[in-house]
Amino acid sequence: MNKRLEQLLKKKEELNAQIQQLKAQQASSERKKDTRRKVLLGALVMQAMKSDETYKKSVMKQLDEFLTREGDRLLFDLPPLASYPSPDESGKNQKTK
Numbered sequence: 011m012n013k014r015l016e017q018l019l020k021k022k023e024e025l026n027a028q029i030q031q032l033k034a035q036q037a038s039s040e041r042k043k044d045t046r047r048k049v050l051l052g053a054l055v056m057q058a059m060k061s062d063e064t065y066k067k068s069v070m071k072q073l074d075e076f077l078t079r080e081g082d083r084l085l086f087d088l089p090p091l092a093s094y095p096s097p098d099e100s101g102k103n104q105k106t107k
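Here it is as structure tokens:
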């Protein structure tokens, strides 16, 4: 390769690295903004729940339907989801002798 081509390829690699770095910074910034929006919205909802029992019941019902992870449910003092036995455990697929 000639020297000019090598210089251009090196410059291209440097520019690609800069582009990737800027994209990563933008993605990080957007994640931080999204997290902040969620925190503020959560604070608003929690404040409204304190002053309006009907609203609180509505939100808790929605959370009960929305949250599936046990740890998340515990944060809101929701009971664990009912676990359903597999067909083998319920006896439907067991052979009788």
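Just so we're aligned, residue 11 is where the sequence shown starts under our numbering, counting upward by one.
Note that beta-carbon positions come from the ideal geometry of N, C-alpha and C, so glycine has one too.
In this text, all values refer to a predicted model and were calculated from it rather than measured experimentally.
Spatial neighbours of residue 59 in its own chain (CB-CB distance under 7 Å, excluding positions within 5 residues in sequence) are listed in chain order as 65, 66 and 69. Less than 7 Å separates the beta-carbon of residue 88 from that of residue 74. Sequence-distant partners of residue 84 (beyond 5 residues in either direction) whose C-beta falls short of 8 Å from its own C-beta are missing from its chain.
Put simply, the backbone Cα of residue 53 is about 51 Å away from that of residue 19. Secondary structure of residue 76 (DSSP, three-state): helix. Residue 27 sits in a helix when the DSSP states are folded into three classes.
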